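Chemist:
Residue numbers (our numbering), protein chains in the order written: chain D, 409 to 779; chain R, 1288 to 1529.
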């Protein structure tokens, strides 16, 4: 028999209460996994999309909305000539309701721009020219909308034709409706406007080079901001808000977990007052009693964490499949997030056990002999 | 049985396992006086019964001897060392004293074998040795056939036998028993008393037993009778006072 045996026996003796406490922690940790996974997925999906397009620098004004603010398409000509710029591709991107999909990424790219190059035709073809009233659908988007090559598709008030299904080698790309820039500018009334410039830098590219280029672009296009691909979304106010909300909600869930475990451990200490006094009378040191209570609460945290990350991982899959989220982002639930969540849960257990452990260590052993 | 305190203590007063002089204990800011100047000496290997009616202070005295409570006044020595001033009272309780309670106080979710091992955590014994020693102790109290039973599956007499085995876990020099037969029928009470007497004889242990029953007290070699927080009579070999 070890101290661990004593600790586990303490939890097993009240199976219903232990299970309910575990459930409480698990739900809290599942919320952490799901919310953080989704907010990280939001960023990661975007970064993967940029990588797939071969974009090194993104010029946009993310401001406080989910999509960048439009600016004049002529801005491209101000940076085309820069010596480190290999290519540019003006884009007008929007999140909009497309037929049955509540929110879908619509990405209109300058005809012939490098941002078309990553798209591999799975079925059909690419648009014939910049003005053809046609779209290609990423494979996931086609599946979500139930479209095949030749089907009509309603974008805003305009009916276009699906001419191809493509694989864009990234979740965001595969979940997008992709079309030629002038067609979408006309549909949305944004003639002459774009809201993103994808920039490819001449290789070999070093980080300082990219940073230097960004500073140059910022001077030339003051209405937008140039950032290395991957950093732009993380710096957007919208993403920061999503992230703050996810961590805020997670913090609330964790606080609820702390209170739940603390309540359970206090109940345990109150119920086992006589038992703890007997242990003290038998010569157990107060430090060992404290360790026993802390191990119990930490074990509750560990088990709650394990169940919580399992629930969270399943929950994220379910959330990712809901119409509101499906196709917009790929939840990023990686091993690091799962390990962090379990560590948070163990921390919740230990913190929750501190006060009950302190209470238990204040008991006087003479109470064991009373009656 | 030798105590580590016996080895370290200076010669003289340390010949006594316990020496109490003018021991007082008050509760509730002095309104309740449980002990009102108790003095006595107990030699190694004595079997002492402390008797008296309920509320006479005998359990308070036993708690003070076991470092479970601190006297308000007076001195209480264990082999010449002041019990209230022990640097490590937990170690004293774990290694020098074996407690036997009236209500047994076995931990309900642990088997007999596990209950006996619980005090051994402070003895730094390896796990396998803890188990072997617990087996040996349970065998010595005739409980080797009930090793894996929970306390709820044991009779009162069996529970007290397990509690006695537990009190011997760290090979203490003194056993302090608080009404050890108080919750038992007469037959089981007789068997437990016989077991305690045998331990006292065989192991040469100092045994201090609190009881309100004069018949049970007579099994001891010395009877200290208490009344209203004072010693009314002490028929002891190492009687109080110099």
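Cβ coordinates follow ideal geometry from the N, Cα and C atoms, glycine included.
Note that this is a predicted model, so its numbers are computed, not measured.
Identify whether residue 1326 (chain R) lies in helix, strand or coil by the three-state DSSP scheme.
Modeler: Here residue 1326 (chain R) sits in strand by DSSP.
Chemist: By a C-beta neighbour count over all protein chains shown, 10 Å radius and 16 as the cutoff for buried, is residue 1423 (chain R) buried or exposed?
Modeler: Exposed, by the Cβ-count rule.
Chemist: Can you check whether the CB of residue 1428 (chain R) is closer than 9 Å to the CB of residue 1465 (chain R)?
Modeler: No; because the gap between Cβ atoms is not below 9 Å, this pair is not in contact.
Chemist: Starting from residue 513 (chain D), trace the beta strand (DSSP E) both ways and give me its first and last residue.
Modeler: Here the beta strand (DSSP E) through residue 513 (chain D) covers 509–517.
Chemist: For residue 1378 (chain R), which of R:1504, R:1452, R:1355, R:1367 has the nearest alpha-carbon?
Modeler: Residue 1378 (chain R) has its Cα closest to that of R:1355, out of R:1504, R:1452, R:1355, R:1367.
Chemist: Would you verify that the beta carbon of residue 1360 (chain R) is, or is not, closer than 9 Å to some beta carbon of chain D?
Modeler: It does not: the Cβ of residue 1360 (chain R) has no partner Cβ on chain D nearer than 9 Å.
Chemist: What are the residues that DSSP puts in a beta bridge with residue 1320 (chain R)?
Modeler: In the DSSP output, where bridge partners are listed per residue, residue 1320 (chain R) has R:1313.
Chemist: Can you check DSSP and say which residues form a bridge with residue 560 (chain D)?
Modeler: Note: residue 560 (chain D) sits in a beta bridge opposite D:569.
Chemist: Return the Cβ separation of residue 506 (chain D) and residue 532 (chain D) in integer angstroms, given the expectation that the two are a contact with Cβ distance under 8 Å.
Modeler: Wrong, their Cβ atoms sit about 18 Å apart, outside the cutoff.
Chemist: What's the C-alpha gap between residue 420 (chain D) and residue 1483 (chain R)?
Modeler: Using only the alpha carbons, I get a separation of about 35 Å.
Chemist: Quickly, what does DSSP pair residue 491 (chain D) with across the bridge? List them, please.
Modeler: Answer is none; residue 491 (chain D) lacks a bridge partner.
Chemist: Using a Cβ cut-off of 8 Å, pull out every chain D residue sitting near residue 1382 (chain R), in sequence order please.
Modeler: Here the neighbours are 691.
Chemist: Helix or strand or just coil, what does DSSP make of residue 527 (chain D)?
Modeler: The answer is coil: DSSP assigns residue 527 (chain D) none of H, G, I, E or B.
Chemist: Using a Cβ cut-off of 8 Å, pull out every chain D residue sitting near residue 1377 (chain R), in sequence order please.
Modeler: Neighbours of residue 1377 (chain R) on chain D, chain order: 688, 691, 692, 693, 694.
Chemist: Going by DSSP in three states, residue 1386 (chain R) sits in which element: helix, strand or coil?
Modeler: Strand at residue 1386 (chain R).
Chemist: If you measure from the beta carbon of residue 1374 (chain R) to each beta carbon in chain D, is any gap under 9 Å?
Modeler: Output row for residue 1374 (chain R): interface = no.
Chemist: When the cut-off is 9 Å and only beta carbons count, does residue 1397 (chain R) lie next to chain D?
Modeler: It does: the Cβ of residue 1397 (chain R) has a partner Cβ on chain D nearer than 9 Å.
Chemist: Answer with buried or exposed for residue 653 (chain D), where buried requires no fewer than 16 other C-beta atoms within 10 angstroms of its C-beta.
Modeler: Flag for residue 653 (chain D) reads exposed.
Chemist: Rounding to the nearest angstrom, what Cα-Cα distance links residue 439 (chain D) and residue 720 (chain D) in this structure?
Modeler: Each residue's alpha carbon lies about 6 Å from the other.
Chemist: Where in the region 1419–1473 of chain R do unbroken runs of the alpha helix (DSSP H), each at least 4 residues long, occur, reported from the N-terminal end onward?
Modeler: 1443–1454, all fully within the region 1419–1473 of chain R.
Chemist: Any beta-carbon of chain R closer than 9 Å to the one on residue 772 (chain D)?
Modeler: Cβ-Cβ to chain R under 9 Å: yes for residue 772 (chain D).
Chemist: Output needed for residue 587 (chain D): all residues of its chain with C-beta closer than 6 Å, excluding positions within five of it in sequence on either side, in chain order.
Modeler: Excluding sequence neighbours, residue 587 (chain D) sits near 516, 543.
Chemist: Counting only Cβ-Cβ distances shorter than 8 Å, please list the residues of the region 656–683 of chain D near chain R, keeping chain order.
Modeler: Against chain R - using a Cβ distance shorter than 8 Å - the residues of the region 656–683 of chain D are 682, 683.
Chemist: Give every residue of the same chain whose Cβ lies closer than 8 Å to the Cβ of residue 493 (chain D), excluding the five residues on either side of it in the sequence, and list them in chain order.
Modeler: If we look at residue 493 (chain D) and ignore the five residues flanking it on each side, its Cβ neighbours are 487, 607, 608, 609, 610, 621.
Chemist: Per the contact definition of three or more C-beta pairs closer than 8 Å, is the region 1319–1326 of chain R in contact with the region 1343–1362 of chain R?
Modeler: Yes, the region 1343–1362 of chain R is in contact with the region 1319–1326 of chain R.
Chemist: In three-state DSSP terms, what is residue 356 (chain D)?
Modeler: For residue 356 (chain D) there is no data in the structure shown, the boundaries of chain D being 409 and 779.
Chemist: Can you tell me which of the three DSSP states residue 1515 (chain R) falls into?
Modeler: Three-state result, residue 1515 (chain R): coil.
Chemist: Going by DSSP, which residues form a beta bridge with residue 497 (chain D)?
Modeler: According to DSSP, which records beta bridges pairwise, residue 497 (chain D) is partnered with D:606.
Chemist: In the DSSP assignment, find the beta strand (DSSP E) that holds residue 1334 (chain R) and state where it starts and stops.
Modeler: First-last of the beta strand (DSSP E) with residue 1334 (chain R): 1334–1338.
Chemist: Enumerate in chain order the residues of its own chain whose CB-to-CB distance from residue 1471 (chain R) is below 7 Å, with the five nearest sequence positions on each side excluded.
Modeler: Counting only Cβ-Cβ distances below 7 Å, and skipping sequence neighbours, we find 1443, 1444, 1447, 1479.
Chemist: Can you tell me the Cβ-Cβ gap for residue 1455 (chain R) and residue 1495 (chain R), rounded? I've got them flagged as a contact below 8 Å.
Modeler: Their Cβ separation, rounded to whole angstroms, is 15 Å, which puts residue 1455 (chain R) and residue 1495 (chain R) out of contact at 8 Å.
Chemist: What first and last residue would you give for the alpha helix (DSSP H) that runs through residue 1363 (chain R)?
Modeler: Here residue 1363 (chain R) belongs to no alpha helix (DSSP H); instead the beta strand (DSSP E) covers 1360–1365.
Chemist: For residue 581 (chain D), is the classification buried or exposed, using 16 other Cβ atoms within 10 angstroms of its Cβ as the cut-off for buried?
Modeler: Per the 10 Å Cβ criterion, buried.
Chemist: Using 9 Å as the threshold, is the C-beta distance between residue 634 (chain D) and residue 465 (chain D) below it?
Modeler: Yes, the pair counts as a contact, with Cβ atoms nearer than the cut-off.
Chemist: Are the beta-carbon atoms belonging to residue 717 (chain D) and residue 437 (chain D) less than 9 Å from one another?
Modeler: Closer than 9 Å, so yes.
Chemist: Given 8 Å as the limit, is there contact between the region 1330–1348 of chain R and the region 1510–1523 of chain R, that is, 3 or more CB pairs closer than that?
Modeler: Yes, the region 1330–1348 of chain R touches the region 1510–1523 of chain R.
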